[in-house]
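Written out below as structure tokens is the structure these notes cover.
Number of protein chains: 2
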Amino acid sequence: MTTGKPLRADARRNRDALLAKARELFANGCFDLRFDDFARLAGVGTGTLYRHFPTREALAEAVYREELEAMCAHARELQATQPAMEALTTFLRGLVNHLHTHEGLARTLATLMAARSGTLADGGRELGRAVSDLLTAGVQQGSIRDDVGAGAVLTALQGICAACEPPGSRADADGAVTLILDGLRRHAV
Amino acid sequence: MTTGKPLRADARRNRDALLAKARELFANGCFDLRFDDFARLAGVGTGTLYRHFPTREALAEAVYREELEAMCAHARELQATQPAMEALTTFLRGLVNHLHTHEGLARTLATLMAARSGTLADGGRELGRAVSDLLTAGVQQGSIRDDVGAGAVLTALQGICAACEPPGSRADADGAVTLILDGLRRHAV
DNA sequence: TGACAAATGGAAACTGTCTCCATATTTTGG
DNA sequence: CCAAAATATGGAGACAGTTTCCATTTGTCA
Numbered sequence: 004m005t006t007g008k009p010l011r012a013d014a015r016r017n018r019d020a021l022l023a024k025a026r027e028l029f030a031n032g033c034f035d036l037r038f039d040d041f042a043r044l045a046g047v048g049t050g051t052l053y054r055h056f057p058t059r060e061a062l063a064e065a066v067y068r069e070e071l072e073a074m075c076a077h078a079r080e081l082q083a084t085q086p087a088m089e090a091l092t093t094f095l096r097g098l099v100n101h102l103h104t105h106e107g108l109a110r111t112l113a114t115l116m117a118a119r120s121g122t123l124a125d126g127g128r129e130l131g132r133a134v135s136d137l138l139t140a141g142v143q144q145g146s147i148r149d150d151v152g153a154g155a156v157l158t159a160l161q162g163i164c165a166a167c168e169p170p171g172s173r174a175d176a177d178g179a180v181t182l183i184l185d186g187l188r189r190h191a192v
Numbered sequence: 004m005t006t007g008k009p010l011r012a013d014a015r016r017n018r019d020a021l022l023a024k025a026r027e028l029f030a031n032g033c034f035d036l037r038f039d040d041f042a043r044l045a046g047v048g049t050g051t052l053y054r055h056f057p058t059r060e061a062l063a064e065a066v067y068r069e070e071l072e073a074m075c076a077h078a079r080e081l082q083a084t085q086p087a088m089e090a091l092t093t094f095l096r097g098l099v100n101h102l103h104t105h106e107g108l109a110r111t112l113a114t115l116m117a118a119r120s121g122t123l124a125d126g127g128r129e130l131g132r133a134v135s136d137l138l139t140a141g142v143q144q145g146s147i148r149d150d151v152g153a154g155a156v157l158t159a160l161q162g163i164c165a166a167c168e169p170p171g172s173r174a175d176a177d178g179a180v181t182l183i184l185d186g187l188r189r190h191a192v
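Chain order of the listed sequences is E and F. Counting from 4, one number per residue, gives the positions in the first sequence under this note's numbering. Counting from 4, one number per residue, gives the positions in the second sequence under this note's numbering.
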């Protein structure tokens with residue numbers, strides 16, 4: 004999926020340099036510098052930047068793709084070792100915790116989720132599938148209601164991602180997760 | 004709050020023309036045309052546009068301010084005539100229904116909520132207060148839990164607003180509201 | 001090693017945003 | 001009713017960020 008055709012040596016080198024510099028910048032909270040500067044700071048030309056990453060979002064997606072995949076893998080692991088409701092709880096709490104200290108990831112996820120279609124959205128869809136699998140397991144185990152889909156959970160998560168800027172967002176995000184989790188619980192009928 | 008100083012006659016005329024044209028464009032799904040064009044289409048100069056509405060967001064906020072205030076008034080009315088949990092349910096379901104057919108409002112709300120501070124955010128804060136009041140009433144009536152604040156609800160709502168584009172968003176938005184409402188409910192302890 | 005393909009960089013064109021001010025309109029008060 | 005003062009106008013043009021393009025360089029393969 005990642006490899007279309009083998010990249011030439013210098014091309015891969017430049018691509019990696021761009022990714023490394025972008026990752027570093029994002030980690031330092033520099034999200035809004037001009038796109039050109041990612042190239043300049045990574046020591047490559049503008050054209051090279053655009054060839055590898057046609058848009059700012061494509062660059063962000065590539066930077067966080069690995070991290071996102073790791074999180075989804077973590078979700079699968081949790082699902083394999085715990086009851087679904089517990090796994091979901093751990094996963095969402097951990098996700099929000101991680102987003103809180105990685106604003107770049109939160110912003111990127113917000114963007115990816117907003118672009119439900121298009122090549123870009125791959126990353127968002129993978130997270131969607133992780134949540135969907137957890138929900139399905141929970142429904143089968145009888146701990147999660149079956150009348151609310153993964154899309155609903157993702158919609159709420161999108162809000163958490165979009166609202167990641169400082170004041171009070173942490174408490175609000177935690178509260179939102181509480182609502183999601185308690186809202187999903189199947190109650191005695 | 005709205006009136007700082009009385010506007011000169013021609014100034015008011017131009018401002019109204021801008022608002023009317025913008026409202027019409029938004030209603031037709033034209034969100035992404037260049038800012039200058041709002042001026043051209045309304046038959047005023049660029050400078051006039053910028054004097055009245057310094058940013059795209061300020062224009063959108065002005066266009067939807069009345070509508071937003073009406074919704075908040077509706078919330079207060081519901082609160083005065085029904086138990087809080089019922090009022091909240093009616094309000095949120097109605098809100099989502101309205102957002103679904105008014106994408107411009109949804110986009111605007113998403114933007115306003117993202118800008119938690121600044122003059123712009125007034126509109127967002129008003130919605131926040133409506134929700135907060137409903138929650139407080141519900142807590143006093145014992146139907147709503149007291150360990151989750153209005154911010155959590157708004158965070159989830161932000162997701163609904165941000166995810167307003169077509170495919171399947173309606174069902175997901177409804178599901179998210181279901182989670183919010185059921186998550187808020189105080190259960191027998 | 002030569003020939004071919006792939007990739008580069010950065011100048012220049014483009015696009016949307018925003019400022020500025022000479023001119024025009026409205027208001028005020030005599 | 002008429003200046004003079006205050007207020008508002010419009011749109012040319014400066015500006016900043018984005019994107020394209022292609023002559024040149026670099027890597028690959030036989």
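Built from N, CA and C at the ideal position, the CB exists for glycine as well.
Query: Check whether the Cβ atoms of F:Ala42 and F:Leu137 sit closer than 9 angstroms, and answer yes or no.; Result: no
Query: List the DSSP bridge partners of F:Arg188.; Result: F:Ile147
Query: By a C-beta neighbour count over all protein chains shown, 10 Å radius and 16 as the cutoff for buried, is E:Ala76 buried or exposed?; Result: exposed
Query: Work out the CA separation of E:Ala124 and F:Ala20 for me, nearest whole Å.; Result: 39 angstroms
Query: So E:Ile163 contacts chain F; which residues on that side make the cut at Cβ distance below 9 angstroms?; Result: Thr158, Ala159, Gln161 and Gly162
Query: Beta-carbon within less than 6 angstroms of F:Met4's beta-carbon, same chain only, minus the 5 sequence neighbours each way: which residues are those?; Result: Note that F:Met4 scores a pLDDT of 47, beneath 50, so its modelled location is shaky; the value from the coordinates is reported in the next line. No residues qualify anywhere along the chain.
Query: Taking only runs of the alpha helix (DSSP H) that begin and end inside the segment 89-127 of chain F, which ones reach a length of at least 4 residues, in chain order?; Result: 106-117
Query: Just curious, the alpha helix (DSSP H) that F:Thr158 is in, first and last residue?; Result: Ala153 to Ala165
Query: If contact is defined by three or more beta carbon pairs under 8 angstroms, each pair taking one atom from either stretch, is the segment 21-38 of chain F in contact with the segment 76-95 of chain F?; Result: no
Query: Which residues mark the beginning and the end of the alpha helix (DSSP H) in which E:Asn31 is found?; Result: Where E:Asn31 is concerned, there is no enclosing alpha helix (DSSP H), given that its DSSP letter is neither H nor E.
Query: According to a CB-to-CB cut-off of less than 8 angstroms, which residues of the segment 143-155 of chain F neighbour chain E?; Result: Asp150, Val151, Gly152, Gly154 and Ala155
Query: With DSSP as the reference, label E:Lys24 as helix, strand or coil.; Result: helix
Query: Could you pull out every residue in the same chain whose Cβ sits closer than 7 angstroms to the Cβ of F:Val134, ignoring the five residues on either side in sequence?; Result: Ala153, Val156 and Leu157
Query: Starting from E:Pro170, find everything on chain F with Cβ-Cβ shorter than 8 angstroms and list it in chain order.; Result: Arg119 and Ser120
Query: Residues of chain E with a CB under 8 angstroms from the CB of F:Leu1: which are they?; Result: Since the first and last residues shown for chain F are 4 and 192, residue 1 of chain F lies out of range.
Query: When burial is assigned at 16 or more other CB atoms within 10 Å of the CB, is E:Lys24 buried or exposed?; Result: buried
Query: Exposed or buried, which one is E:His190 when buried takes at least 16 other CB atoms within 10 Å?; Result: exposed
Query: Considering only the alpha carbon of each residue, which of F:Met74, F:Val66 and F:Thr181 lies closest to E:Val151?; Result: F:Thr181
Query: Three or more C-beta pairs closer than 8 angstroms, one from the segment 87-102 of chain E and one from the segment 46-65 of chain E: is that the case here?; Result: no
Query: E:Asp35 CB to nearest chain F CB: under 9 angstroms?; Result: no
Query: Does the beta-carbon of E:Leu130 have 16 or more other beta-carbons within 10 angstroms, so that it is buried, or is it exposed?; Result: buried
Query: Indicate whether at least one CB of chain F lies closer than 9 angstroms to the CB of E:Met4.; Result: Bear in mind that the predicted position of E:Met4 carries a pLDDT of just 46, short of 50, making it unreliable; the figure below should be weighed with that in mind. Answer no: the Cβ-Cβ gap between E:Met4 and chain F never drops below 9 angstroms.
Query: Answer with buried or exposed for E:Glu64, where buried requires no fewer than 16 other C-beta atoms within 10 angstroms of its C-beta.; Result: buried
Query: For E:Ala12, does the count of other Cβ atoms within 10 angstroms reach 16, so buried, or fall short, so exposed?; Result: exposed
Query: Mind checking whether F:Gly162 and E:Leu160 have CB atoms under 9 angstroms apart?; Result: yes
Query: Terminal residues of the continuous alpha helix (DSSP H) containing F:Leu44?; Result: Phe38 to Ala45
Query: Check whether the segment 104-111 of chain E touches the segment 56-70 of chain E, taking contact to mean three or more Cβ pairs, one atom from each stretch, closer than 8 angstroms.; Result: yes
Query: Using a beta-carbon distance below 9 angstroms, is E:His105 in contact with chain F?; Result: no
Query: Considering only their Cβ atoms, is the gap separating E:Gly126 from E:Leu115 smaller than 9 angstroms?; Result: yes
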